[in-house]
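In our numbering, the protein residues as written are 16 to 83.
Written out as structure tokens, the structure reads:
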């Protein structure tokens, strides 16, 4: 799944862009106010964040379902 440079929306930090993915962490840049954040992957997509691309969001939710 290619999620680098894709837009996300986080409940607390707002709009951001994916800047990295390593091990069980996704790195997102939320701009000047919140900066860069490392968040648990893919768990963060189950509750606090979603991909702006609906197809990628659906794919992530399927991945989360397989991991549970």
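Backbone N, C-alpha and C fix where the C-beta goes; we use that ideal spot for every residue, glycine too.
- Per DSSP, residue 31 lies in no alpha helix (DSSP H); the unbroken beta strand (DSSP E) holding it starts and ends at 29-37.
- With respect to residue 53, residue 79 sits apart: the two C-beta atoms are not nearer than 8 Å.
- Here the alpha carbon of residue 77 sits roughly 29 Å from the alpha carbon of residue 50.
- The criterion of a C-beta distance shorter than 8 Å is not satisfied by residue 37 and residue 63.
- By the neighbour-count definition (other C-beta atoms within 10 Å, threshold 16), residue 34 is an exposed residue.
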